[in-house]
Structure formats: C-alpha cells, structure tokens
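Protein chains in written order, with my numbering: chain A, 1 to 402; chain B, 1001 to 1402. Idealized CB from N, CA, C, for every residue including glycine. Values in this document were obtained by computation on a predicted structure and should not be read as measured data. Quick notes on the structure that follows.
Number of protein chains: 2
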Amino acid sequence: MTVPPLPDTMPPVSREAAGVLPSGIGELVAYGVERPGLIPLWVGEGDRPTPAFIGEAAQRALRDGATFYTRMLGIPALREALAEYVSRLYGDPVGPERFFVTVGGMHAFHTAIRIAAEPGDEVVLPTPTWSNFFGAVAMQGARPVPVPMQFDATDGWSLDIARIAAAITPRTRAIVLNTPANPTGWVATRADLEAVLTIARRHRLWIVADEIYGRFCFDPAHAELGRAPSIRDVWQPEDRDRVLFVQTFSKNWAMTGWRVGWLEGPASIGRIVDGLVLYGTSGVATFLQHAAVTAIREGESLIAEQVAQARAGRAIVCDALRAVPGVELPAPPGAFYAFPRVPAEPEDICLAKRIVDEANVGLAPGSAFGPGGEGFLRLCFARSAADLTEAMRRMVPVLTPR
Amino acid sequence: MTVPPLPDTMPPVSREAAGVLPSGIGELVAYGVERPGLIPLWVGEGDRPTPAFIGEAAQRALRDGATFYTRMLGIPALREALAEYVSRLYGDPVGPERFFVTVGGMHAFHTAIRIAAEPGDEVVLPTPTWSNFFGAVAMQGARPVPVPMQFDATDGWSLDIARIAAAITPRTRAIVLNTPANPTGWVATRADLEAVLTIARRHRLWIVADEIYGRFCFDPAHAELGRAPSIRDVWQPEDRDRVLFVQTFSKNWAMTGWRVGWLEGPASIGRIVDGLVLYGTSGVATFLQHAAVTAIREGESLIAEQVAQARAGRAIVCDALRAVPGVELPAPPGAFYAFPRVPAEPEDICLAKRIVDEANVGLAPGSAFGPGGEGFLRLCFARSAADLTEAMRRMVPVLTPR
C-alpha cells in the first residue's frame, strides 16, 4: 500500500507511530468490503450476533445505573467468574487476584507486551501467526522475531523447538505461544509446551500464552476435556510467575464487537496492570462487564453450539478444498481457520484479490501472517454451513487449474 | 504508598511498566472508598447515572445485532455527528475525517502522546494539572515537564507564558493545554491561546488541547457562546496540522463509565491512528458508538442541566469554603472543581485523609496534581445541592482553625 506523506506543517511524529505497521488482512478487507453479496471469511468472527441473554444482562446493568467510573482491574464479580471458569475448565484452582479485565484480547496482548518488553527488546513469534502480534510488538518499539514453523502437506504444522531456542538472544524478553493457533490450526502437544517452558525458565523469559481458541479443538483425544492442551497442564508452581495469558470474550461467546477480554498473570503485577490500564484506557464499562459475567455463567451451551458449527464448517471447507488439484490442506486440529497452501502463482495477495473479483469471497492472504505464510490463504469457517457451501461453490473454480 | 517487590522468579518487567506512576487521587480513594455514607467528591464525575435516552440507544443497537468487529477510527455516523457538533459549537466547519473515536478521553490523550513523543522526549504540562497526564506521558517513556502556573488569592490562576517558553528544549515535542482546567478551573484567554500557539509554531511542537470542560464556563462573557474560549478561536489554517484535541463523552453527557471519547486532529494522521487503535484496543463497541450519536444529537438539554447543576454547586461550595478563615478560594471560572488553598499544616494528603476520617467526605489532595498543587484540595461540585450542602456542613468544621 502506498501511504500519503504527512504535511510539512505538521510537527514530527514519533517513530513508533509513523512506522505503525499496516494490516495485511486490512488490505484485503479494504479491497473487497464494499462488494454486494461478498461472503466475508477474512476475519476471525462468526456470522452470529451476540445471543440475547448476554445483551439483556448489559441492558439490565445499564438500567440499574452502572454507568459510573469503573475499577481499573475489572469488577470483582467478573474477576471471580473468570477465576471459577478457568479453575473448572483446566482443573487448576486459581484466584480472582490473577485476573485483569481488558479492552478485548488485543488490549490484553498489548498490555502483556508492555510489561515484558522495552524499546529494542525482542519478542519471539512462531510464524505464521496472527498479524496483529507483529504490529503490537513493533508499536512498543520492540522487535518481533519470527521463527517459522514447519509445514508438511500430510501431517500439518509443527513447532521446531531447536529453531525457537536458536532465536533467543540477550535481548529476548518473551515467547508468544498461540495454541490452538491462528492461522494454522496447529495445537501444541504437551511435549511442545514443556519444551517452550524449559527455554523460558533457562533464559528467564515471559511466555505470552494465547489460548483463546482453546475450546475449538477437533482432536477426539481432547474432546472429553472440552479444550486443547494448555500450558497449565505442564507448568510447575513457579511457572505461574512467568506466563501471561491473553484472553477474550470474542470467540467463545460471539462477542467480537464488545471489546472485552482479560489478562491473567501473577497477582503481584496487579499494581502495574492497574497503572497501565488507568493511563491507557481507564477500564471497561461496568455494564459490559456484567454482561461478561452472564456470558461465562450461562454460556456453556452457546460454546458447544459454536464449536459444533465450526466442526461442521471445517468439514465443508476441507472436503471442498482438498479436492482441488494442487491445493494442500491438512485438516486443522484446532481454532476455526483453514489455511490451505495454494499453487505458487499468482502470489497469495493477488490470488486473494482474484477470489474477491471472481468468486466474491473474502479471504486473508497467508503472507499477512509472517514468514512461512507466503503461498497460503486463510479462511474462517466459524460460519453457517449454507454460507460456507456457497463460498466453496464459488471459489473452487478460481483455485482449480485451467 | 509502599509497593511490594516483584518475586525473584518473575522475568524482568520493562522499566516503563515497573515504574508506572501511582495515582495520588487513587491513594485517597483507596483510603476512604469503603466508608459507609461517605460523600465522594474526589473524582470528576457527577452523581447522575447516564440518562435513559442514551442507554436505550445502546440497547436498540444491541438488539439490532451491532455486535461484530467495528471500524478502528469509529463508525461513520459518529464521526459525522462529532464533526457537526464541533462545527456548530465553535462556528468552525470541520469534516468527519478529522475525528477518531477512542476508549474515553484517557485513551485519546494516550494516543496523542504516542503520536507526539518518543521515549526520552519531553512534554510540557502547565501545573497543577490532571494527575493522569503525568502517568500517561511517563508510561510512554517520555518526560513530563511541569511548569507551575501562578496563583493569586484574589484573581485566581494564570498562565506564565515566559515560563512555558523557558521550559522548551530540543527534546520538547508537545505542550498540553487544558482549558477550562482541571483542577484549577482556570480558563485561557484569547491572548493565552495565541501565545501558546506562537511558541508551538516557533518550535514545531504539537499542542495537545484538552477542552473537555469547555461547556462548563461560568464567566458571563462566554455565556452567550455556551462554551469557553477555544484554541480554534485564534488558530490559523496551518495550525490545524499541529493541534490534537482530546475529548470525551464523560462529562457533558454523564457517561464517565462508558469509556467513549475522541481524538481530533489532521486527517492525514488517520492512517497512524488506525494502526495505533488496531494494535492497542481494536476500537469501541459499535453499539456504544450508536448511543454516543444519540447523546450528541439529543443531548443539548442534558448539557444545559448539567451546567446549571454545576453552577449551583459552585455557589454552595464557594460560599461555604470562602467563609473559612485561612482558606483561599477565588471562584473558578470554568470546569467543575473547587481548588481551595488550605493552611499549610497538615500537608494536603494528611488533611484529605483527616476529612475522610472526621467528615466522611472524599477530596483529592492538591499535591496529586503536580508542582504548585501542594497545599490545595480538589473537590468536584458536579453534584446535587443536597449532597454538596451536607458535605460542606460536615467538612467546614475540620477546616476551621480551632
């Protein structure tokens, strides 16, 4: 994208702001968003508005006058609900003092990076990964260090622990571990999680753990737990002081637009998070937090429906795309994205634009997700079977060799 | 406040995060917030919940399914409503492309500082001023440079332009200009505004203009306009590229807890703000923005009521406090705070705590507002006459020499 220069009359703009990275997904959205009838599979959200029971909880709190300044770390009722949810889901008793409410998962990640890294520090990112991670690290003046994962057309993606270890320098402050992963659908094994913890212990690093797709796990081995393996499954007591979990209400509870998430970490950083929130955003509206409490307490059947829809969507998309000659798509074990490798020509951004033009379907180009993503496309299958079937009907001909 | 050390098992915390400033107001709130019957005048908010017509607009948007990811710069309807509001109020036609929706005024200020200053840069703050300004500048790794204003027991506060000019160094990037001012109630004259603009032009500085109390102006000379003098009244066309306005729905529309505000600046920084929002918070919930549109379009009578209540509260508080021997309180020409100078002993923080203990009234200590604020107390008079009358009845004896 070409960027217009800033006018000479303007005072200098800070390097971090002037150099803020463009979003590779945003480029495609800008290209196609106005097309009538386009099926948008480019961003990570479903087609279902937030269910009424959650909205009604916000309305009740609004009517009750919960419209005054709020607590920087979140209202006690929500911090307690989060602690109970996490304790139950992971069989790992944790208290509310570890939970800090944020403006969505993005703000949780931003806050985690602010805690972990100073300008000039390095943050290791296994790639391909969510493009916003690069932008948020760079915005802090820190350096994202991509470490490509390995792709196998049959076995899918895997983490190369030796490459992670080799990427650590004296400036490294954190490793971002996203499992199940966006965009690849990769799910870390216990061995992966233990290996990353070992590196973090050895070098005194933070682990920024993004397990927001944890409920979206299609491996029958994990079905009984209702979640993917977590770093909690393998950590030692002292590791509780080195992991910052970034989380969100967006995916599980169909609340992408609410901008409510949370950071979980050692209670001793509460004072720091309090200040970072106070001077950054001054908290999350109390009435939205009451709705989040209701989402957690009454939302398990909603999550089950969302996971079932994603499972059905995954089958539709995988069946259609794996039948196209030249397309490689090992079935993703987690999250709600398909990330097919497509023929090398044209490059992925051009191909995604062609799919907008010729199929009226919106996908994200793999190169937006960093090294190792080139030549792939991402599409979100957390959507109705009808939409996904129609999207496949339209786009398969564009992908099929002529 | 003593801060517990971080455990040794924890990886290093960034200097900016570890050094995040405590809030001097927060210390008092923590001291007294649990007291039954306490009248809280320590923070800048009224006692009125958000009126129903605004909450109902949010509820309608929620029911209409406005729960998906939103635009980083704000929904077009809100940006247009903001442009119309500002154009009308200031007689200064501006377009929606200058308006960027933020998570309250705090996030607008944070974003403005991010644009203006890099780590090590300096930001000039006339003081006493809102304590969060110090925290937000320091959180960016930049240095707040306080420049005390002058206090006269009869004429009130005034800006010392020569001191501002003398504080400029090669590292200065911005001057924060808050008028009407928190906590002093000072209102800039046209001459003040022109003088600050002249300094900004000469040194190529940003002006971060906080005019959020602009509607709260008690000087009969400005009553007809319905607002205080603004930097817009004196700026030249090219100055539009050097002023960043930080604004909020909190005060005018009784929406402190909603966390909706806006940044106004040159349209050419739109790309930058888009990225800063994307990687920081990812926007403000669409349904909250629809409510903000309703607040602007239908809220003028609400603002008139709020200003009338503040005017009445100002009279109650000034009459009571000015009668106390040793208290100096020139009537504040704007905003909604009284900032009396109290006898030097005990120091202001101890006195504020004593007022909590003996009068069950919550005030903010003047030293929280930076150099020049020591020996003053701040109280918010945007509150019912009954509460303020009772608060004065209780606290005047504590202030009266024994």
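Within chain B, the residues that residue i reaches when beta carbons sit closer than 9 Å
i, result
"residue 309(A)", "Result: empty, since nearest Cβ-Cβ is about 16 Å, beyond 9 Å."
"residue 370(A)", "Under the 9 Å cutoff, chain B gives no residues; its nearest Cβ is about 15 Å from residue 370(A)."
"residue 173(A)", "1011, 1012, 1014"
Residue i: contacting residues in chain D (beta-carbon distance under 7 Å)
i, result
"residue 107(A)", "Judged by its chain identifiers, the structure shown contains no chain D, and its protein chains are A and B."
Whole-Å CB distance - residue i paired with residue j, under 8 Å assumed
i, j, result
"residue 1058(B)", "residue 1287(B)", "5 Å"
"residue 1264(B)", "residue 1247(B)", "7 Å"
"residue 381(A)", "residue 310(A)", "6 Å"
"residue 124(A)", "residue 164(A)", "6 Å"
Host beta strand (DSSP E) of residue i (start-end)
i, result
"residue 1158(B)", "1156–1158"
"residue 150(A)", "150–152"
"residue 1178(B)", "1172–1178"
"residue 247(A)", "243–248"
"residue 1100(B)", "1099–1102"
"residue 1377(B)", "1377–1380"
"residue 1208(B)", "1206–1210"
"residue 264(A)", "261–264"
Contacts that residue i makes with chain B (C-beta to C-beta distance below 7 Å)
i, result
"residue 115(A)", "1013, 1014, 1017"
"residue 103(A)", "1103, 1281"
"residue 73(A)", "Those do not exist, as residue 73(A) stays about 12 Å from chain B at its closest Cβ, beyond 7 Å."
"residue 264(A)", "Going along chain B, no residue has its Cβ under 7 Å from residue 264(A), so there is no contact; the nearest lies around 14 Å."
"residue 167(A)", "Simply none; closest approach about 16 Å."
"residue 135(A)", "1275, 1278, 1279"
"residue 405(A)", "Examination of residue 405(A) is not possible in this model, given that chain A is present from 1 through 402 alone."
Identity of the residue in the options nearest residue i by Cα
i, options, result
"residue 1162(B)", "1182(B), 1385(B), 1195(B)", "1195(B)"
"residue 1282(B)", "1028(B), 1007(B), 1080(B), 1103(B)", "1103(B)"
"residue 174(A)", "202(A), 73(A), 60(A)", "202(A)"
"residue 204(A)", "117(A), 296(A), 141(A)", "117(A)"
"residue 150(A)", "184(A), 176(A), 110(A)", "184(A)"
"residue 12(A)", "1039(B), 1244(B), 1296(B), 1096(B)", "1244(B)"
"residue 227(A)", "206(A), 238(A), 189(A), 319(A)", "189(A)"
"residue 273(A)", "42(A), 52(A), 40(A), 114(A)", "114(A)"
"residue 155(A)", "329(A), 343(A), 182(A)", "329(A)"
"residue 1302(B)", "1018(B), 1046(B), 1234(B)", "1046(B)"
"residue 1132(B)", "1036(B), 1100(B), 1172(B), 1024(B)", "1024(B)"
"residue 64(A)", "37(A), 389(A), 349(A), 290(A)", "290(A)"
"residue 1327(B)", "1344(B), 1337(B), 1314(B)", "1344(B)"
"residue 1052(B)", "1135(B), 1298(B), 1393(B)", "1298(B)"
"residue 1112(B)", "1081(B), 1401(B), 1207(B)", "1207(B)"
"residue 1077(B)", "1086(B), 1087(B), 1096(B), 1277(B)", "1096(B)"
Residues that residue i contacts on chain A, provided the C-beta gap is smaller than 8 Å
i, result
"residue 1272(B)", "13, 17, 18, 20"
"residue 1367(B)", "Those do not exist, as residue 1367(B) stays about 18 Å from chain A at its closest Cβ, beyond 8 Å."
"residue 1068(B)", "45, 49, 256, 257"
"residue 1242(B)", "9, 10, 11"
"residue 1335(B)", "Those do not exist, as residue 1335(B) stays about 17 Å from chain A at its closest Cβ, beyond 8 Å."
Where the alpha helix (DSSP H) through residue i begins and ends
i, result
"residue 53(A)", "52–63"
"residue 273(A)", "270–280"
"residue 1076(B)", "1076–1090"
"residue 127(A)", "Here residue 127(A) belongs to no alpha helix (DSSP H); instead the beta strand (DSSP E) covers 122–127."
"residue 135(A)", "131–139"
"residue 313(A)", "300–322"
"residue 238(A)", "Here residue 238(A) belongs to no alpha helix (DSSP H), and DSSP marks it neither H nor E."
"residue 26(A)", "24–32"
"residue 220(A)", "220–223"
"residue 194(A)", "190–203"
"residue 396(A)", "385–399"
Contacts of residue i in chain A (Cβ-Cβ under 7 Å)
i, result
"residue 1286(B)", "257"
"residue 1006(B)", "268"
"residue 1238(B)", "9"
Within chain B, the residues that residue i reaches when beta carbons sit closer than 8 Å
i, result
"residue 23(A)", "1275, 1278"
"residue 204(A)", "1011, 1012"
"residue 63(A)", "1052, 1055"
"residue 110(A)", "1279, 1280, 1281"
"residue 36(A)", "The contacting residues do not exist; residue 36(A) stays about 18 Å from chain B at best."
Interface residues of chain A facing residue i [CB-CB closer than 9 Å]
i, result
"residue 1382(B)", "Simply none; closest approach about 12 Å."
"residue 1132(B)", "278, 279, 282"
With a threshold of 8 Å, are at least 3 pairs of Cβ atoms found where one atom belongs to the segment 24–43 of chain A and the other to the segment 352–370 of chain A? yes
For the segment 1045–1058 of chain B against the segment 1252–1272 of chain B, do three or more pairs of beta-carbon atoms, one drawn from each stretch, fall closer than 8 Å, so that the two count as touching? yes
Whether or not the segment 331–349 of chain A and the segment 85–92 of chain A are in contact is what I'm after, with contact meaning three or more pairs of Cβ atoms, one per stretch, closer than 8 Å; do they touch? no
Touching by the beta-carbon criterion (3+ pairs, under 8 Å), the segment 359–369 of chain A and the segment 206–223 of chain A: no
Is it a yes or a no for the segment 1059–1074 of chain B touching the segment 34–53 of chain A, going by three-plus beta-carbon pairs under 8 Å? yes
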